[in-house]
Ligand code: URA
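In the working numbering, the protein residues as written are 13 to 207.
Rendered as structure tokens:
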């Protein structure tokens with residue numbers, strides 16, 4: 013894709029028809045993203061699971077419910093002041109990790125979404141997005157909650173909600189990350205909390 017999209021509608025229309033990688037053939041719904049298209053804060057997960065594939069929205073399963081709780085705790089809301097997307101927009105079979113080749117095919121859509129949204133902060137949910145967007149050897153257990161500036165955007169990696177469901181011991185650490193995020197938003201964002 014070489015196009016630089018001027019409008020959200022054109023981007024979404026082309027993306028919804030994407031067949032650039034084999035995941036397009038097995039999807040029920042492409043999961044484009046959800047939220048405020050002018051958000052200052054964007055969250056990026058890994059890829060749709062079963063529920064997301066069925067409903068066409070990111071993070072709507074059990075992990076998504078947990079994510080929504082964390083968001084609510086720091087006054088963030090997918091319907092109001094953030095945007096949520098994934099590294100790949102179509103479900104990898106059996107919920108396996110997306111392959112590098114699939115992320116390569118899909119990354120331009122995310123890049124265009126980011127270009128149109130112009131977020132100040134991007135939160136990577138889990139290893140897959142943190143290693144792709146922050147650094148190749150990112151270790152969530154060691155580097156979660158740290159803000160790293162890249163290309164004028166502050167990136168932060170935290171635990172993937174599904175990983176927190178598997179290992180609830182890390183929930184307090186994840187909560188601390190969300191509290192740091194709230195502090196950072198208050199420091200550098202203008203309209204997320206509309207003071
Ligand atoms: N896991 C993800 O990484 N993204 C989703 O949208 C759902 C589950």
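Built from N, CA and C at the ideal position, the CB exists for glycine as well.
For residue 98, the beta-bridge partners assigned by DSSP are 57.
The stretch 149–179 is shown to contain whole alpha helix (DSSP H) runs of 4 or more residues at 152–155 and 173–178, in chain order.
Taking residue 63 as the centre and dropping the five residues before and after it, the same chain places the C-beta of 72 and 73 closer than 7 angstroms to its C-beta, in chain order. Linking residue 195 to residue 136 through their CA atoms gives a straight-line distance of about 17 angstroms. Residue 105 has its Cβ no nearer than 8 angstroms to any heavy atom of the ligand URA. In this model, residue 57 and residue 172 are separated by some 7 angstroms (Cα to Cα).
DSSP places residue 137 in the uninterrupted beta strand (DSSP E) bounded by 133–137. Distances from the alpha-carbon of residue 70 to those of 50, 88, 42 and 52 put 42 closest. Per the Cβ contact rule, the stretch 73–83 is not in contact with the stretch 115–128 (fewer than 3 Cβ pairs under 8 angstroms). Within the same chain, Cβ atoms closer than 7 angstroms to the Cβ of residue 44 are found at 24, 27, 28 and 101, the five residues on either side in sequence being excluded. Per DSSP, the beta bridge partners of residue 47 are 95. The alpha-carbon separation between residue 66 and residue 39 amounts to approximately 9 angstroms.
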